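*Asks:* So the number in my numbering is just where the residue sits in the sequence shown, counting from 1, plus 36.
Can you keep this structure in mind? I'll have questions shortly.
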Amino acid sequence: MQLGIILNVMVKSSKSKQNLFRDTTQRQLILEYLHRSLAHPTAQEIFRIIKKTLPRVSLSTIYRNLIILEKQGRVSSLSYSKNFTRFELNHGDHYHFICEKCDKVEHVNLDPLLELNSQLARRHDLVVNNHQLTFFGFCQNCQKKK
Ligand SMILES: [Zn+2]
Ligand SMILES: [Zn+2]
């Protein structure tokens, strides 16, 4: 092997290691932020926060890492919000209320209806892993404002 090729290979492999490292750091930061945040942030909001620590990060890598985290089952996404997909740590079955005025997402205190999954599975011969249920209306704040 010629030296040039060897060097080239070395540069390539160290570069991909660097990318891997960057991705891992990014994902770590995303998870930490989602852990702190109760607001179901959008990818844009996550991007703005991560950028403070990693100024060279791009929105598309944030998206990519969110998709990876979702595939790993560590993050779940809510795409029924008016404008954006919102993200949160995957913390089991729970339901959401979305304010149609201010777009705020809240968790609601309802027991998950797990029997729905088995009912659907039985009746339609499907494998049902989970379901989503969302309530829409006006939050307490928006009810006050007239
Ligand atoms: Zn509201
Ligand atoms: Zn949630």
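Note that CB positions come from ideal geometry on N, CA and C, so glycine has one too.
On a predicted model such as this, the values are computed, not experimentally measured, just so you know.
(1) LYS144 and HIS76: beta carbons closer than 8 Å?
(2) By the 10 Å Cβ neighbour count, where 16 or more other Cβ atoms means buried, how is HIS132 classified, buried or exposed?
(3) Using only the alpha-carbon positions, how far apart do LEU43 and ARG110 sit?
(4) Taking 8 Å as the threshold (C-beta atoms), are GLN62 and ASN101 in contact?
(5) Might you give, ordered along the chain, the residues of its own chain that have their beta carbon closer than 6 Å to the beta carbon of GLN38, omitting 5 neighbours on each side?
(6) Are LEU67 and ILE86 closer than 8 Å when you measure CB to CB?
(7) Suppose the cutoff is 7 Å on Cβ atoms and the five residues either side in sequence are ignored; what does the same chain contact list for GLN179 look like?
(8) Suppose contacts are defined by Cβ-Cβ distances below 8 Å. Is ALA79 in contact with LEU95 by that definition?
*Replies:* The structure says:
(1) Position 108 of the sequence shown holds residue 144. Position 40 of the sequence shown holds residue 76. First, the amino acid is wrong: residue 144 is Val here, not Lys. No, these two residues do not count as a Cβ contact at 8 Å.
(2) Along the sequence shown, one-based indexing puts residue 132 at 96. That one is buried.
(3) Position 7 of the sequence shown holds residue 43. Position 74 of the sequence shown holds residue 110. Residue placement at LEU43 is poorly supported in this model, since its pLDDT is 49, which falls under 50; the coordinates still yield a value, given next. Cα to Cα, the separation comes out at about 38 Å.
(4) Here the question's residue 101 lines up with position 65 in the sequence shown. Here the question's residue 62 lines up with position 26 in the sequence shown. For ASN101 and GLN62, yes; Cβs fall inside 8 Å.
(5) One-based indexing of the sequence shown puts residue 38 at position 2. The pLDDT assigned to GLN38 is 47, lower than 50, so where the model puts this residue is not dependable, and the model offers no usable value.
(6) Stepping through the sequence shown from its first residue, residue 67 is reached at position 31. Stepping through the sequence shown from its first residue, residue 86 is reached at position 50. No, the Cβ-Cβ distance between LEU67 and ILE86 is not below 8 Å.
(7) Along the sequence shown, one-based indexing puts residue 179 at 143. Sequence-distant Cβ neighbours of GLN179 in its own chain, meaning closer than 7 Å and more than five residues away, do not exist here.
(8) Position 43 of the sequence shown, counting from 1, holds the residue named residue 79. Position 59 of the sequence shown, counting from 1, holds the residue named residue 95. Going by C-beta atoms, ALA79 is nearer than 8 Å to LEU95.
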